[in-house]
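Visitor: All the letters of the sequence shown, read from the start, carry residue numbers 3 to 461 under my numbering.
Have a look at this one.
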Amino acid sequence: MANIKQIKHLTSRAGFGLGFDDFKDAENQSIKQTVKELFKASADYEPLNIVKGNVDYAMVVKGDQASRKMFQQQQRQQEKDLNLGWINYMSTTKGQLREKMALFWNNHFACRTKQGTYAQQVANIQRSNALGNFKVMTLEIAKSPAMLQFLNNQQNLKGHPNENFARELMELFTIGRGNYTEQDVKESARAFTGWGYDGTGEFRFRPFVHDNESKTFLGKTGNFKGEDIIDIIFDNKQTARFLSTKLYKYLVNETPDQAHVEAMADVFYKSNYEIKPLLEYVFTADWFYDDKNTGNLVKSPIELIVGLNRQFTINYQRPEVMLQFQKVLGQVLFYPPNVAGWPGGRNWIDSSSLMYRIKIPSTILNGGVIDFTGKADPEDEAFLATMRVQQPFVNTRVQAQPDWNKFLSAIPKDMNKTSIAQFMLEPKLSSALMNSVNQSKDTKALVIELVSSPEYQLG
3 MANIKQIKHL
13 TSRAGFGLGF
23 DDFKDAENQS
33 IKQTVKELFK
43 ASADYEPLNI
53 VKGNVDYAMV
63 VKGDQASRKM
73 FQQQQRQQEK
83 DLNLGWINYM
93 STTKGQLREK
103 MALFWNNHFA
113 CRTKQGTYAQ
123 QVANIQRSNA
133 LGNFKVMTLE
143 IAKSPAMLQF
153 LNNQQNLKGH
163 PNENFARELM
173 ELFTIGRGNY
183 TEQDVKESAR
193 AFTGWGYDGT
203 GEFRFRPFVH
213 DNESKTFLGK
223 TGNFKGEDII
233 DIIFDNKQTA
243 RFLSTKLYKY
253 LVNETPDQAH
263 VEAMADVFYK
273 SNYEIKPLLE
283 YVFTADWFYD
293 DKNTGNLVKS
303 PIELIVGLNR
313 QFTINYQRPE
323 VMLQFQKVLG
333 QVLFYPPNVA
343 GWPGGRNWID
353 SSSLMYRIKI
363 PSTILNGGVI
373 DFTGKADPED
383 EAFLATMRVQ
393 QPFVNTRVQA
403 QPDWNKFLSA
413 IPKDMNKTSI
423 AQFMLEPKLS
433 SALMNSVNQS
443 KDTKALVIEL
453 VSSPEYQLG
């Protein structure tokens, strides 16, 4: 049987953490049994169906101020609804593993779009394939209107190739920098000419603007189309290495162990890029549970928010406050900083975000007031309006109600304060925190102190 520390570590990396209501079942399970249950709970896929229709671009064509204002309001409402809708789903679903991996893929295939239906479609591609096949997902993403628009492949035409998508496909999505040449980028771009989408957002291959001449790509020559380029890339084992390295940093340790990464790449490549066998290999490997790989990763802002929501069953009277949390912590869903996505890891922490990270959990649990310091891009007026961060400081009453009765009643009666702290925090407790734990007057005060500690930021 696995010990509770291992199960807690597994559920932290393969989801958003273990709650006290899971404690009794978890302490009697094996690792393999828990991994099996995680996949079983995530087997059923339910698409996000939050954004129902496209914003009306005809209002912009009218040119009058009232129409433009209405257009912008529709865009902002779609962005807000989709963001909060996915946050709420992650906070309540039993399929934690699917959503945790979908977050990874959402950042891996980072793109921005002003059209809410396109953003929702990309998220659903990532969620439906989160535990499926990486190559299938790559092809679907490549043909999505959001990515075609974001990386300008809609403008990739015979005689005037646009290299943006071809470059990022290799540099950021598959084989990684240093494993292709500039000529490979040019030849790949020619193969993707003619890829676009129509007015309904459906993928369209336009043969009349496709370069139908021979191309030479990664040492192979032929009259390649975009699908052929993807086939050649995935035939190269470097693609498996690149993804295995990135997944190792996301699930295990920011400093990759090359032997472990190579073993992961073997599993990934031999399974034809099936994601489930790779995750099963990682989650059942002895090295995954080494002390150096435990409690060592900084939670992303989304992981922090969702983890709190799940752990304390939080009901927000003003759900929009979660948008402000994301903004000040440096990660707003569907709004990556660039095509490379968020760098993650220790980059999540700076002097400003750490202050909010420590203050936000206790403020939520006490229903208090918090000052948000604006960190928005001054050029992004639409986003500023969405976040309501129009002044240097904004006083906001969080208006959140955690279910304390449910949380406290789930704690085993024989669990002392030290054991509660050890269960709630992934890293080993420092002597200073241990002293503070021992001085706590009651369990509720202890819990609020724990979620306000730097150790709570690590998973």
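Glycine included, each C-beta is placed from N, C-alpha and C at the ideal position.
Helix, strand or coil: which one does DSSP assign to Trp-344?
Guide: Numbered from its first residue, the sequence shown carries residue 344 at position 342. The answer is coil: DSSP assigns Trp-344 none of H, G, I, E or B.
Visitor: Going by the CB atoms, is the gap between Pro-363 and Val-453 shorter than 8 Å?
Guide: Position 451 of the sequence shown, counted from the start, is the residue given in the question as residue 453. Position 361 of the sequence shown, counted from the start, is the residue given in the question as residue 363. Yes, the Cβ-Cβ distance between Val-453 and Pro-363 is below 8 Å.
Visitor: Given a cut-off of 8 Å, decide if Ile-9 and Leu-20 are closer than it, judged by their beta-carbon atoms.
Guide: Taking the sequence shown and counting its residues from 1, one reaches residue 20 at position 18. Taking the sequence shown and counting its residues from 1, one reaches residue 9 at position 7. In this structure, Ile-9 lies closer than 8 Å to Leu-20 by Cβ.
Visitor: Given this structure, state the Cα-to-Cα distance separating Lys-361 from Ala-16, to the nearest angstrom.
Guide: By one-based count along the sequence shown, residue 361 stands at place 359. By one-based count along the sequence shown, residue 16 stands at place 14. Going from the Cα of Lys-361 to the Cα of Ala-16 covers about 26 Å.
Visitor: Only counting the same chain, and skipping five residues up and downstream in sequence, which positions put a Cβ closer than 7 Å to that of Ser-246?
Guide: The count along the sequence shown starts at 1 and reaches residue 246 at position 244. The answer, listed in chain order, is Val-263, Met-266, Ala-267, Phe-270.
Visitor: How many angstroms separate the CA atom of Glu-457 from the CA atom of Phe-425?
Guide: Here residue 457 corresponds to residue number 455 of the sequence shown, with the count starting at 1. Here residue 425 corresponds to residue number 423 of the sequence shown, with the count starting at 1. So the two alpha carbons sit approximately 12 Å from each other.
Visitor: By alpha-carbon positions, which one of Lys-96, Lys-443, Asn-255 ends up nearest to Thr-420?
Guide: The residue labelled residue 420 in the question sits at position 418 within the sequence shown. Taking only the C-alpha atoms, the option nearest Thr-420 is Lys-443.
Visitor: Could you give the DSSP three-state label for Phe-18: helix, strand or coil?
Guide: Numbered from 1 along the sequence shown, position 16 holds the residue referred to as residue 18. Phe-18: coil per DSSP, three-state reduction.
Visitor: Which word fits Met-324, buried or exposed, when buried means at least 16 other C-beta atoms lie within 10 angstroms of its C-beta?
Guide: Taking the first residue of the sequence shown as 1, we reach residue 324 at position 322. Counting Cβ neighbours within 10 Å, Met-324 comes out buried, since at least 16 surround it.
Visitor: Quick one: is Gln-441 buried, meaning 16 or more other Cβ sit within 10 Å of its Cβ, or exposed?
Guide: For the purposes of this step, residue 441 is taken as the residue at position 439 of the sequence shown. When all chains shown are included, Gln-441 counts as exposed.
Visitor: Three-state secondary structure (DSSP) at Asn-403?
Guide: Locating residue 403 in the sequence shown gives position 401, counting from the first residue. For clarity, residue 403 is Gln in the given sequence; the question names Asn instead. Gln-403: strand per DSSP, three-state reduction.
Visitor: Take the Cβ of Ser-14 as the centre, count every other Cβ of all protein chains shown within 10 Å, and call the residue buried at 16 or more, exposed below.
Guide: Here residue 14 refers to the residue found at position 12 when the sequence shown is read from its first residue. Per the 10 Å Cβ criterion, buried.
Visitor: Just to confirm, is the Cβ distance from Tyr-358 to Leu-335 under 8 Å?
Guide: The residue labelled residue 358 in the question sits at position 356 within the sequence shown. The residue labelled residue 335 in the question sits at position 333 within the sequence shown. Their beta carbons are not under 8 Å apart, which means Tyr-358 does not touch Leu-335 by this criterion.
Visitor: Whose C-beta lies closer than 8 Å to the C-beta of Leu-431 among residues of the same chain, with five residues either side of it excluded?
Guide: Working through the sequence shown from its first residue, we reach residue 431 at position 429. For Leu-431, where only same-chain residues beyond five positions count, the Cβ hits under 8 Å are Thr-420, Ala-423, Gln-424, Val-439, Glu-457.
Visitor: Taking all protein chains shown into account, decide if Arg-243 is buried (16 or more other Cβ within 10 angstroms of its Cβ) or exposed.
Guide: Position 241 of the sequence shown holds residue 243. Buried is the call here.
Visitor: At what residue ranges does the region 212-246 contain a whole run of the beta strand (DSSP E), taking only runs of 3 or more?
Guide: Runs found: 217-219, 222-224.
Visitor: Is Glu-184 buried or exposed, if buried means 16 or more other CB atoms sit within 10 Å of its CB?
Guide: For the purposes of this step, residue 184 is taken as residue 182 along the sequence shown, with counting starting at 1. Per the 10 Å Cβ criterion, exposed.
Visitor: Tell me Tyr-47's beta-bridge partners as DSSP assigns them.
Guide: Taking the first residue of the sequence shown as position 1, residue 47 is located at position 45. In the DSSP output, where bridge partners are listed per residue, Tyr-47 has none listed.
Visitor: Based on Cα-Cα distance, which residue from Asp-237, Arg-208, Asn-214 lies nearest to Lys-222?
Guide: Taking the sequence shown and counting its residues from 1, one reaches residue 222 at position 220. Of the candidates Asp-237, Arg-208, Asn-214, the one whose C-alpha sits nearest the C-alpha of Lys-222 is Asp-237.
Visitor: DSSP has Glu-276 in a bridge; who is on the other side?
Guide: Indexing the sequence shown from 1 puts residue 276 at position 274. In the DSSP output, where bridge partners are listed per residue, Glu-276 has Asn-135.
Visitor: Check each candidate in Glu-173, Lys-278, Lys-446, Asp-200 and name the one with the smallest Cα separation from Gly-343.
Guide: Along the sequence shown, one-based indexing puts residue 343 at 341. Taking only the C-alpha atoms, the option nearest Gly-343 is Glu-173.
Visitor: Secondary structure at Glu-381, three-state DSSP: helix, strand or coil?
Guide: Position 379 of the sequence shown, counted from the start, is the residue given in the question as residue 381. For Glu-381, the predicted structure reports a pLDDT of 38, less than 50, and the residue's modelled location is therefore unreliable. The matter cannot be settled from this model.
Visitor: Roughly how far, in whole angstroms, is the beta-carbon of Phe-22 from the beta-carbon of Ile-307, given that I think they are within contact range, below 8 Å?
Guide: As a working mapping, residue 22 is identified with position 20 in the sequence shown. As a working mapping, residue 307 is identified with position 305 in the sequence shown. The Cβ separation is near 19 Å, so there is no contact.
Visitor: Apart from the five residues just before and just after Ser-302, which ones in its own chain have a Cβ nearer than 7 Å to its Cβ?
Guide: Within the sequence shown, numbered from 1, the residue matching residue 302 stands at position 300. Closer than 7 Å at the Cβ level, and outside the excluded window around Ser-302, lie Gln-333, Gly-346, Trp-350.
Visitor: Between the alpha carbons of Lys-38 and Lys-102, how many angstroms are there, rounded?
Guide: For the purposes of this step, residue 38 is taken as residue 36 along the sequence shown, with counting starting at 1. For the purposes of this step, residue 102 is taken as residue 100 along the sequence shown, with counting starting at 1. In a straight line, the C-alpha of Lys-38 is about 16 Å away from that of Lys-102.
Visitor: Quick one: give me the first and last residue of the alpha helix (DSSP H) that Val-425 is part of.
Guide: Numbered from its first residue, the sequence shown carries residue 425 at position 423. According to the sequence displayed, residue 425 carries Phe and not Val. 419-426 is the extent of the alpha helix (DSSP H) around Phe-425.
Visitor: Among Arg-169, Ser-190, Pro-163, Gln-151, which residue has its Cα nearest to the Cα of Phe-205?
Guide: The count along the sequence shown starts at 1 and reaches residue 205 at position 203. The shortest C-alpha separation from Phe-205 is found at Gln-151.
Visitor: Counting along the chain, where does the alpha helix (DSSP H) carrying Arg-192 start and finish?
Guide: The count along the sequence shown starts at 1 and reaches residue 192 at position 190. First-last of the alpha helix (DSSP H) with Arg-192: 184-193.
Visitor: Quick check: Asn-164 and Ala-191, are their CB atoms within less than 8 Å of each other?
Guide: As a working note, residue 164 is residue 162 in the sequence shown. As a working note, residue 191 is residue 189 in the sequence shown. In contact: Asn-164 and Ala-191 (Cβ atoms closer than 8 Å).
Visitor: Trp-197 bridges to which residues according to DSSP?
Guide: Here residue 197 refers to the residue found at position 195 of the sequence shown. For Trp-197, which the question treats as bridged, DSSP gives the partners Phe-207.
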